[in-house]
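Residue numbers (our numbering): 1 to 355.
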């Protein structure tokens with residue numbers, strides 16, 4: 001039996017939430033999977049289902065146009081930059097409209113504790129549909145349980161398989177709170193433990209090409225005599241995929257106690273002496289990478305970790321390119337790495353307040 005919960009005219013304050021997946025379908029269809037109130041919800045929205053509420057439909061269509069415009073141009077003008085990311089704005093709008101329903105339903109449902117990586121991959125998910133009737137917005141909750149599989153599955157190359165790296169089942173990997181987790185909101189797993197409380201960093205693998213590239217690069221770098229110069233996490237184990245044992249759902253890396261990524265560090269309040277040291281560290285690491293025959297690839301501040309001793313680590317070797325950091329024709333090349341490096345150096349050159 002479906003449950004119908006009216007959406008209040010005055011929206012309640014939305015608590016912390018985690019966007020797990022967003023899908024832009026055909027016509028006006030969107031889907032959002034979100035973690036909120038210690039539960040997972042899968043929400044579907046379309047203009048057809050809410051057309052009886054004219055003002056809400058106008059809001060939704062306006063957000064859709066901005067989303068489609070940003071997707072087609074991949075450029076954000078100054079006027080729209082202050083409005084934030086179009087996809088995140090759409091997700092916030094959907095979550096806000098369903099906030100009251102999520103709160104009510106979460107209080108009725110028995111909470112299933114997420115302790116292991118397996119629990120996270122296959123967590124119970126409630127299905128919500130945003131609808132309008134007689135000019136009033138409401139949320140329909142289906143009695144059926146939506147089983148969404150969040151376990152990535154990639155096949156490794158023959159050469160990577162021959163490395164004989166140990167594999168661990170997701171049910172034997174316990175999720176821990178990371179230093180950057182603000183509270184007990186279950187976010188995407190990062191810090192985990194295996195065996196007798198051995199700490200690891202869980203990194204999901206989404207494509208075979210990126211996984212094979214990263215694994216090969218990490219193994220190669222650790223085999224060189226440059227490990228003291230190039231700080232990268234050690235690869236320890238693979239995460240077995242439950243459905244296909246010849247595939248993996250991620251890799252387990254050395255866990256590095258840290259402050260945050262360079263993208264999220266408050267540079268204004270970082271002493272100049274530290275910023276200068278970071279410039280030297282990055283330039284040395286990138287040039288050493290190239291000497292070892294390795295291309296960083298997706299070079300940007302998000303892929304540089306600042307550890308608890310204010311030392312930098314490079315944490316991503318999956319390749320690819322992020323717009324704004326490397327030109328498309330320089331992707332996965334030394335030239336691309338150096339282009340991104342110069343931008344990072346420029347950011348660190350910014351004259352902040354700290355001395």
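Glycine is no exception: its CB is placed at the ideal position from the N, C-alpha and C atoms. Treat the numbers as computed from the prediction; the structure is a model and nothing was measured.
Where do the N-terminal and C-terminal ends of the beta strand (DSSP E) with residue i fall, by residue?
i: residue 326; result: Segment: none, residue 326 is in no beta strand (DSSP E) and carries neither H nor E.
i: residue 346; result: Counting along the chain, residue 346 falls outside any beta strand (DSSP E), though it belongs to the alpha helix (DSSP H) covering 334 to 348.
i: residue 164; result: Taken as a continuous stretch (DSSP letters only), residue 164 belongs to no beta strand (DSSP E), as it is neither H nor E.
i: residue 260; result: 258 to 261
i: residue 175; result: 173 to 175
i: residue 151; result: Here residue 151 belongs to no beta strand (DSSP E), and DSSP marks it neither H nor E.
i: residue 237; result: 235 to 240
i: residue 255; result: Neither: residue 255 is in no beta strand (DSSP E) and is coded neither H nor E.
i: residue 128; result: 124 to 133
Would you grab the beta carbon distance between residue i and residue j for me? Rounded to a whole angstrom, and I think it's under 8 Å.
i: residue 249; j: residue 205; result: 7 Å
i: residue 339; j: residue 329; result: Not really, about 11 Å apart at Cβ, beyond 8 Å.
i: residue 130; j: residue 141; result: Not quite, the Cβ-Cβ distance comes to about 11 Å (not below 8 Å), so this is no contact.
i: residue 150; j: residue 242; result: About 12 Å; that fails the 8 Å criterion.
i: residue 96; j: residue 37; result: Rounded, the Cβ-Cβ distance is 14 Å, inconsistent with contact.
i: residue 116; j: residue 171; result: 5 Å
For residue i, which residues in the same chain have their Cβ closer than 6 Å to its Cβ, ignoring the five residues on either side in sequence?
i: residue 356; result: Any property of residue 356 remains undetermined from this structure, which presents the chain solely from 1 to 355.
i: residue 275; result: 348
i: residue 286; result: 337 and 341
i: residue 78; result: The predicted model places residue 78 with a pLDDT of 48, which falls under 50 and marks its position as unreliable, so this point remains unresolved.
i: residue 240; result: 167 and 169
Among the candidates the options, whose CA atom is the shortest distance from the CA of residue i?
i: residue 114; options: 321, 283, 292 and 173; result: 173
i: residue 87; options: 208, 30 and 223; result: 30
i: residue 61; options: 305, 290 and 94; result: 94
i: residue 138; options: 6, 228 and 85; result: 6
i: residue 176; options: 134, 119 and 26; result: 119
i: residue 163; options: 201, 237 and 200; result: 237
i: residue 334; options: 345, 301, 295 and 243; result: 295
i: residue 89; options: 53, 22 and 305; result: 22
i: residue 361; options: 39, 243, 4 and 24; result: Shown here, the chain extends from 1 to 355; a query on residue 361 therefore has no answer.
i: residue 34; options: 91, 83 and 69; result: 91
i: residue 111; options: 266, 41, 260 and 12; result: 41
i: residue 200; options: 66, 63, 261 and 255; result: 255
Identify the continuous alpha helix (DSSP H) that holds residue i and give its terminal residues.
i: residue 87; result: 86 to 97
i: residue 25; result: It is not in any alpha helix (DSSP H) - residue 25 carries neither H nor E in the DSSP assignment.
i: residue 222; result: 208 to 223
i: residue 290; result: 272 to 291
i: residue 117; result: 117 to 121
If you reduce the DSSP assignment to three classes, tell me which class residue i lands in.
i: residue 296; result: coil
i: residue 250; result: strand
i: residue 60; result: helix
i: residue 190; result: coil
i: residue 111; result: coil
i: residue 76; result: At residue 76 the pLDDT is 48, less than 50, meaning the model places this residue with poor confidence; the figure from the coordinates comes in the next sentence. Of the three classes helix, strand and coil, the one that applies to residue 76 here is coil, per DSSP.
i: residue 48; result: helix
i: residue 310; result: coil
i: residue 105; result: helix
i: residue 55; result: helix
Of all Cβ atoms in chain B, is any one closer than 9 Å to the Cβ of residue i?
i: residue 319; result: In the displayed structure, chain B is absent; only one protein chain is listed.
For residue i, which residues from the same chain have a beta carbon less than 7 Å from its beta carbon, with the 5 sequence-adjacent residues on both sides left out?
i: residue 203; result: 250, 251 and 253
i: residue 298; result: 316, 318, 319, 320, 321 and 322
i: residue 207; result: 154
i: residue 218; result: 232, 235 and 317
Taking 8 Å as the limit between beta carbons, can you name the residues of its chain near residue i, skipping five residues before and five after?
i: residue 133; result: 52
i: residue 50; result: 56, 57, 60, 130, 131, 132 and 137
i: residue 265; result: 259 and 306
i: residue 135; result: 52, 53 and 54
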